[in-house]
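Student: Protein chains in written order, with this note's numbering: chain Y, 91 to 421; chain A, 91 to 421.
The C-beta atom is built at its ideal place from N, Cα and C for all residues, glycine as well.
This one's a predicted model, so the numbers in the text were calculated from it and none came from an experiment.
Written out as structure tokens, the structure is:
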């Protein structure tokens, strides 16, 4: 498991330099160098949206900075939360007088520094919504304990569209919260990733096995078994999502994301998509929009995740609003 | 090296089903089932553009069917050329009365069936342009022998924009040819991929090694050596591209693509991008547009390729023309 890098100590900064070099019209580094912000700044009076998290997950997190999506991102070391200074910088850069929403995954390190930054910042109005879409990380009665995975990008999309459209902070916050609550994700992996400074994989999944419910840092999943046909694996993933849905709010129209956790061939993402589509359709669920590709990765982890967002008439059009970021462009 | 599939025999068809299920507004299967065509059909009087090739390379080839890009794609088995019938079907579906351009990679199997199809088809005007951008596959005096790799997608973009804009067949053909001639690619890999029906990797690159110039089916490259820092590796790749450029036509403005051959972490693509940007800029070359991501893969091959297209005032605006396909959306 070799790495394309100069050294572990330059991994993150070299990658961020590449990102800003590649998309100079869209993004630039913020004050700390570990912040990515919109090149054009934030339109006066628009609610700012900030995310942040560890490196090693691109396009999460800083790949979603741009019109119709996010305004600033605080970037940590690989699989580590961003520093307090990066969080403060990101909040500051996203502020255009209408308040700032912090929208990031439910991880201890991220929470600690973002919470402190939200108290210390000079920005008066700051709200927080946490990504908690990973259904494998806690049961239905402990949803607040769940981790955030690829499904958070769907909340970037809806909240970003609402903010771009001029919605006030409370409204953008509500849209983000609603999207998160209606989004259910689960992962599957058959080989772990390696930290730049390590010699061995972070998680060792033996030759013939696959693990259901693994997290994007290799957090333990629900079970580990011999590799099985995709129809069985994806069938179980979608069934678990359907069991997790909220009958009082989730309807029967969804946005479906099949996300590459890293090293999965694109052809195989579509093989997985086919089965997810089949199971949802058999359950009388209508898929109104699909996203297939790399949205939230774990470096070279071989695996994929499925996210289902049960939409309603309010959030459906937000998925069609135009966006332009390094990794997500919708016309 | 596990595969997310039901069986080797259903690998391609399951993947194509997934693609058409995921993007029903954009694409559908053609007559043979091994053809992907635009959902909306081809506008009457527009030049049709057809590509094709083996599976296992998504987004190549069928991921680029859509407005501003291609009209039809003939799909073969994994790493095998499409059948004659698929080629005939694709040409037929792409025809809207203004002729059809065949734009595909320079591989024996693809050429055989496309050449035969271009003679057998009822479509009167058919032209062919071959992707020959892989500088590692033959020397500068044998450019016609080179293989086509990720750089062909840049010709999809320019020829697709020209055709969408109403250019006649000779013009679309000339634009494709010009883009191909000005595009130079080279690959690098540190782990091979596995065919769905095989137990072992197609190419075995030992633990500590990296191979420069490897092809997208694992064709042998220029050298195999111990893994080195990215700045040295990417530095050599870009230097080789600069040595290969045509002084009489290539200028100093380029489109730069850093392409994931499969299993490379996205963070590392940007680490590679940073160095490519540095070497080009040091050589007084201006990068006017960048593409970083998965454009032409080799299933789970761990590696990346660099493509540089030396643009001129004619083809530069074609890169900015809007497109919408399953894998490439430009606003």
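1. When DSSP labels each residue in this structure, what does residue 407/Y get in the three-state scheme?
2. Is residue 369/A helix, strand or coil by DSSP?
3. Cα separation between residue 423/A and residue 188/A?
4. What alpha helix (DSSP H) runs, 4 residues minimum, are completely inside the region 311 to 368 of chain Y?
5. Around the Cβ of residue 282/A, are there at least 16 other Cβ atoms within 10 angstroms (buried) or fewer (exposed)?
6. Are the C-beta atoms of residue 387/A and some chain Y residue less than 7 angstroms apart?
7. Take residue 243/A and list the residues in its own chain whose beta-carbon comes closer than 6 angstroms to its own, dropping the five residues that flank it on each side.
8. How would you list, in chain order, the residues of chain A whose beta-carbon sits under 7 angstroms from the beta-carbon of residue 129/Y?
9. Give the residues from the region 297 to 309 of chain A that approach chain Y closer than 9 angstroms (Cβ to any Cβ), ordered along the chain.
10. Kindly identify the DSSP beta-bridge partner or partners of residue 194/Y.
11. Quick one: is residue 172/Y near chain A, going by C-beta distance under 7 angstroms?
12. Let's see if you can read the secondary structure: which residues bound the alpha helix (DSSP H) around residue 244/A?
13. How would you write the range of the beta strand (DSSP E) that residue 115/A sits in, first residue to last?
14. Suppose you measure from the CA of residue 98/A to the CA of residue 352/A; what does that come to, to the nearest Å?
15. If I measure Cβ to Cβ from residue 374/Y and keep anything under 7 angstroms in the same chain, skipping five residues before and after, which residues do I get?
16. Are the region 358 to 378 of chain Y and the region 103 to 112 of chain A in contact at 8 angstroms, needing three or more beta carbon pairs?
17. How many Å lie between residue 208/A and residue 200/A at the Cα?
18. Which value, in whole angstroms, describes the spacing of the CA atoms of residue 254/Y and residue 214/Y?
19. Out of curiosity, what's the CA-to-CA distance linking residue 169/A and residue 310/A?
20. Give a yes or no on whether the minimum CB-CB distance between residue 319/A and chain Y is below 7 angstroms.
21. Taking a cut of 9 angstroms between CB atoms, which residues from the region 200 to 224 of chain A lie near chain Y?
22. Does any C-beta atom of chain Y lie closer than 7 angstroms to the C-beta of residue 343/A?
23. Output yes if chain A places a C-beta closer than 7 angstroms to the C-beta of residue 92/Y; else output no.
24. Compare the C-beta of residue 290/Y with all C-beta atoms of chain A and state if any pair is closer than 7 angstroms.
25. Which residues, in chain order, does the region 337 to 363 of chain A contribute to contact with chain Y at a C-beta distance below 7 angstroms?
26. Along the chain, where does the alpha helix (DSSP H) that runs through residue 259/Y open and close?
27. Please report how far the alpha carbon of residue 294/A lies from the alpha carbon of residue 390/A, in whole angstroms.
28. Going along chain Y, which residues have a C-beta under 8 angstroms from residue 420/A?
29. State the CB to CB distance for the pair residue 137/Y and residue 191/Y, rounded to an integer number of angstroms; the pair is presumed to be in contact (CB under 8 angstroms).
30. Measure from the C-beta of residue 246/A to each C-beta in chain Y and report whether the shortest distance is under 7 angstroms.
31. Could you tell me which chain Y residues have their CB closer than 8 angstroms to the CB of residue 390/A, listed as they occur along the chain?
32. Decide if residue 212/Y is buried, meaning its Cβ has at least 16 other Cβ atoms within 10 Å, or exposed.
33. Could you check which residue in 368/A, 165/A and 239/A has the C-alpha nearest to that of residue 195/A?
34. Sorted by chain position, which residues of the same chain lie with C-beta nearer than 7 angstroms to residue 340/A's C-beta, five sequence neighbours on each side aside?
35. Cβ-heavy atom distance between residue 278/Y and the ligand GTP below 6 angstroms?
36. Taking a Cβ distance cut-off of 8 angstroms, strictly less, list which residues of the region 109 to 138 of chain Y are near chain A, in chain order.
Tutor: This is what the structure holds:
1. Counting from one through the first chain, the residue named residue 407/Y turns up at place 317. The three-state reading of DSSP puts residue 407/Y in helix, counting H, G and I together.
2. Along the second chain, read from residue 1 onward, the residue named residue 369/A stands at position 279. Assignment of residue 369/A by DSSP, reduced to helix, strand and coil, places it in the helix class.
3. Examination of residue 423/A is not possible in this model, given that chain A is present from 91 through 421 alone.
4. Runs of the alpha helix (DSSP H) inside the region 311 to 368 of chain Y: 320 to 334.
5. The residue you call residue 282/A lines up with position 192 of the second chain. With 16 or more Cβ atoms within 10 Å of its Cβ, residue 282/A is classed as buried.
6. As a working mapping, residue 387/A is identified with position 297 in the second chain. Nearest CB-CB separation between residue 387/A and chain Y: below the 7 angstroms threshold.
7. By one-based count along the second chain, residue 243/A stands at place 153. Closer than 6 angstroms at Cβ, skipping near neighbours: 385.
8. As a first step, residue 129/Y is located in the first chain; it is residue number 39 there, counting from the start. Going along chain A, no residue has its Cβ under 7 angstroms from residue 129/Y, so there is no contact; the nearest lies around 14 angstroms.
9. Of all residues in the region 297 to 309 of chain A, 297, 298, 299 and 300 have a Cβ within less than 9 angstroms of some Cβ in chain Y.
10. Your numbering for residue 194/Y matches position 104 in the first chain. Its beta-bridge partners are 220/Y.
11. Start at 1 with the first residue of the first chain, and residue 172/Y comes out as number 82. Judged by the 7 angstroms Cβ criterion, residue 172/Y is not in contact with chain A.
12. Translated into the one-based positions of the second chain, residue 244/A becomes position 154. Counted as a single uninterrupted DSSP element, the alpha helix (DSSP H) harbouring residue 244/A occupies residues 242 to 254.
13. Numbered from its first residue, the second chain carries residue 115/A at position 25. First-last for residue 115/A: undefined, no H or E at that position.
14. As a working note, residue 98/A is residue 8 in the second chain. As a working note, residue 352/A is residue 262 in the second chain. Rounded to the nearest angstrom, the two C-alpha atoms are 19 angstroms apart.
15. Walking along the first chain from the start, residue 374/Y turns up at place 284. The beta carbon of residue 374/Y sits closer than 7 angstroms to those of 342, all from its chain and outside the five residues before and after it, given in chain order.
16. Taking 8 angstroms as the limit for Cβ pairs, the verdict is that the region 103 to 112 of chain A does touch the region 358 to 378 of chain Y.
17. Here the question's residue 208/A lines up with position 118 in the second chain. Here the question's residue 200/A lines up with position 110 in the second chain. About 12 angstroms.
18. Position 164 of the first chain, counted from the start, is the residue given in the question as residue 254/Y. Position 124 of the first chain, counted from the start, is the residue given in the question as residue 214/Y. Taking the straight line joining both Cα atoms gives about 20 angstroms.
19. In the second chain, residue 169/A corresponds to position 79, counting from 1. In the second chain, residue 310/A corresponds to position 220, counting from 1. So the alpha carbons of these two residues sit roughly 15 angstroms apart.
20. Here the question's residue 319/A lines up with position 229 in the second chain. True, the Cβ-Cβ gap to chain Y drops below 7 angstroms.
21. Result list empty, no residue passes.
22. Here residue 343/A refers to the residue found at position 253 of the second chain. By this cut-off, residue 343/A is not an interface position.
23. On the first chain, residue 92/Y is found 2 positions in, with the first residue counted as 1. Yes, residue 92/Y counts as interfacial toward chain A.
24. Residue 290/Y sits at position 200 when you count from the first residue of the first chain. Contact of residue 290/Y with chain A is not assigned, every C-beta pair being separated by 7 angstroms or more.
25. Residues of the region 337 to 363 of chain A whose Cβ lies closer than 7 angstroms to any Cβ of chain Y, in chain order: 352, 353, 354, 355, 356, 357, 358, 360, 361, 362 and 363.
26. Counting from one through the first chain, the residue named residue 259/Y turns up at place 169. Per DSSP, residue 259/Y is one residue of the alpha helix (DSSP H) stretching across 259 to 271.
27. Along the second chain, read from residue 1 onward, the residue named residue 294/A stands at position 204. Along the second chain, read from residue 1 onward, the residue named residue 390/A stands at position 300. Rounded to the nearest angstrom, the two C-alpha atoms are 13 angstroms apart.
28. For the purposes of this step, residue 420/A is taken as the residue at position 330 of the second chain. Result: 419.
29. As a first step, residue 137/Y is located in the first chain; it is residue number 47 there, counting from the start. As a first step, residue 191/Y is located in the first chain; it is residue number 101 there, counting from the start. That belief holds up - the Cβ atoms of residue 137/Y and residue 191/Y are roughly 6 angstroms apart, short of 8 angstroms.
30. Here residue 246/A refers to the residue found at position 156 when the second chain is read from its first residue. The C-beta of residue 246/A comes no closer than 7 angstroms to any C-beta of chain Y.
31. Stepping through the second chain from its first residue, residue 390/A is reached at position 300. Residues of chain Y whose Cβ lies closer than 8 angstroms to the Cβ of residue 390/A are, in chain order, 353, 354, 355 and 392.
32. Residue numbering aside, residue 212/Y sits at position 122 when the first chain is read from its first letter. Using a 10 angstroms sphere on the CB of residue 212/Y, the tally of other CB atoms stays under 16, which defines it as exposed.
33. Mapped onto the second chain, residue 195/A falls at position 105. Comparing C-alpha distances from residue 195/A to each of 368/A, 165/A and 239/A shows the shortest one belongs to 239/A.
34. Within the second chain, the letter at position 250 stands for residue 340/A. The residues are 272 and 400.
35. Absence of the ligand GTP from the depicted structure is noted, as is the absence of any ligand whatsoever, leaving it without description.
36. Residues of the region 109 to 138 of chain Y with a C-beta less than 8 angstroms from any C-beta of chain A: 109, 111, 112 and 113, listed in chain order.
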